[in-house]
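Step one of this worksheet: look at the structure below.
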């Protein structure tokens, strides 16, 4: 197979294109509005499916890494999961921006040597999260977001707690102006939410949020979610 040419272009969110490599871990949890943000800035996005094909990008070919959610756990003993953490570690050492969602945020934490454990409550559906000690980001104090998880991450001591929910304290972190991890989902658009629900609706059972598939489908993604996502992506690329 002929190698895909890589542009050696500096990372800069202000008009200079980056190569954004995305690790997607299930067909129904794609980049959503992260892809919209990428296109808005003229970046090039490459989406990898390591759970299916086993391929990962090289750190040298990555200007920014996005690690999406999935049904697996960082605690699973799968070789490709371990190799993802090798890539994350290399990018941390190179001070490149990393954005993790749900399982992706857990993978960052696991790479840093902290724990991923069972959450005190399974959260599936729409519920608020509350901004913590990051007023400098000028993001809303409260957001109503989509949750789809039953594990949670420990907050690294080097990081700031970014968000909490009523049921789970550790909902987000920010670290070194280069990394953001979110336990919940800001990235889905309305069509993406429908895709998650129609394919993974059995997972809704047992959630502390007590919502049905229809309840989840009735709610629309807010502009605040998109704007907050964009601000976080801009921030780690400044």
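In the UniProt record's numbering, the protein residues as written are 1 to 238. Don't be surprised by glycine CBs; every beta carbon is placed ideally from N, CA and C. Because the structure is a prediction, the values reported are computed rather than measured.
Just the Cα atoms here: how many angstroms apart are residue i and residue j?
i           : j           : result
residue 2   : residue 18  : Note on residue 2: pLDDT 37, under 50, position unreliable in the model; the coordinate value appears next. Near 21 Å, if we compare the C-alpha coordinates of residue 18 and residue 2.
residue 221 : residue 156 : 29 Å
residue 144 : residue 26  : 24 Å
residue 114 : residue 107 : 10 Å
residue 230 : residue 99  : 12 Å
residue 237 : residue 93  : 16 Å
residue 233 : residue 77  : 30 Å
residue 147 : residue 60  : 33 Å
residue 212 : residue 52  : 30 Å
residue 175 : residue 235 : 11 Å
residue 44  : residue 20  : 6 Å
residue 136 : residue 226 : 18 Å
residue 218 : residue 165 : 21 Å
residue 177 : residue 203 : 34 Å
residue 89  : residue 97  : 12 Å
residue 112 : residue 87  : 12 Å
residue 173 : residue 104 : 12 Å
residue 91  : residue 35  : 20 Å
residue 110 : residue 153 : 8 Å
residue 134 : residue 215 : 31 Å
residue 223 : residue 41  : 19 Å
residue 80  : residue 142 : 36 Å
residue 117 : residue 74  : 10 Å
When DSSP labels each residue in this structure, what does residue i get in the three-state scheme?
i           : result
residue 208 : coil
residue 50  : helix
residue 160 : strand
residue 38  : helix
residue 217 : helix
residue 72  : coil
residue 16  : strand
Could you give the residue range of the beta strand (DSSP E) that holds residue i?
i           : result
residue 144 : 142-153
residue 228 : Counting along the chain, residue 228 falls outside any beta strand (DSSP E), though it belongs to the alpha helix (DSSP H) covering 223-236.
residue 19  : 19-23
residue 181 : 179-182
residue 168 : Segment: none, residue 168 is in no beta strand (DSSP E) and carries neither H nor E.
residue 64  : 64-67
residue 246 : Here the chain covers residues 1 to 238 and nothing more, so residue 246 does not appear.
Whose CA, out of the options, lies closest to the CA of residue i?
i           : options           : result
residue 228 : 164, 56, 187, 91  : 187
residue 199 : 126, 70, 134      : 70
residue 150 : 169, 64, 142, 130 : 169
residue 167 : 125, 134, 63      : 125
residue 83  : 55, 139, 34, 63   : 55
residue 72  : 35, 50, 154, 141  : 50
residue 128 : 79, 140, 134      : 140
residue 63  : 85, 74, 75, 38    : 38
residue 258 : 57, 95, 22        : Because the chain is modelled from 1 through 238, residue 258 falls outside the range shown and cannot be assessed.
residue 171 : 58, 48, 102       : 102
Over what stretch of residues does the alpha helix (DSSP H) that includes residue i continue unbroken?
i           : result
residue 196 : 190-200
residue 111 : 103-111
residue 93  : 79-93
residue 118 : Taken as a continuous stretch (DSSP letters only), residue 118 belongs to no alpha helix (DSSP H), being part of the beta strand (DSSP E) at 116-131.
Can you confirm whether residue i, when its beta carbon is compared against all beta carbons of chain D, has any partner nearer than 8 Å?
i           : result
residue 103 : The structure shown contains no chain D, having only a single protein chain.
- Query: Can at least three beta-carbon pairs, one atom from the segment 190-202 and one from the segment 150-169, be found at a separation below 8 Å?
  - Reply: no
- Examine the Cβ distances between the segment 121-132 and the segment 202-220 and report whether three or more of them are shorter than 8 Å. yes
- Decide if the segment 20-37 is in contact with the segment 163-183; the criterion is three or more beta carbon pairs, one per stretch, under 8 Å apart. no
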